[in-house]
Amino acid sequence: MRDKLCVSERRTKILEFLVKKKQSTRCELATEFNVSTDTIDRDIVYLSGIAPVYTKQGNQGGIYILPEYRSYKNYLTDEEEECLYALIKKSANDERRIICGIITKFTKNTVMYK
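Numbering (my numbering), first residue to last: 1118 to 1231.
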């Protein structure tokens, strides 16, 4: 990501990056978002106030986000959810179990059958 983003866009993208990778470093984020490590430090201080973002020093150090954290953008759209429900009706038992797991993991509503 080489383009300059406004502060809120960059912070949103950093959060998405951490959700995807679970761990990063100041240098990696600074390079990825084309800003200084001081800017990343300020962004991490801000993000740690709104999401479970934390830093760890030493071996295995870096910037982390709790694995359980689910951003609202990680939910299925209504169209995606409807498609999965349609697939359940056409699937074998093992496939149904997997699809149900996906629905449970990525939907706001956990009612399984419509």
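Even glycine gets a Cβ: it sits at the ideal position worked out from N, Cα and C.
- When the five nearest sequence neighbours on each side are left out, the beta carbons in the same chain lying within less than 7 Å of the beta carbon of Ile1157 are those of Arg1143, Leu1146 and Ala1147, in order along the chain.
- Restricting attention to Ile1182, Phe1150 and Gln1140, the CA atom closest to the CA of Arg1127 is found in Phe1150.
- By the CB criterion at 8 Å, Ser1141 and Leu1132 fall outside the cutoff.
- If you look at Ile1180, you'll find it in the beta strand (DSSP E) that goes Gly1179 to Ile1182.
- For Thr1156, the secondary structure class from DSSP, reduced to helix, strand or coil, is helix.
- Sequence-distant Cβ neighbours of Ile1161 in its own chain, meaning closer than 7 Å and more than five residues away, are Val1170, Thr1172 and Ile1180.
- If you look at Tyr1202, you'll find it in the alpha helix (DSSP H) that goes Asp1195 to Lys1207.
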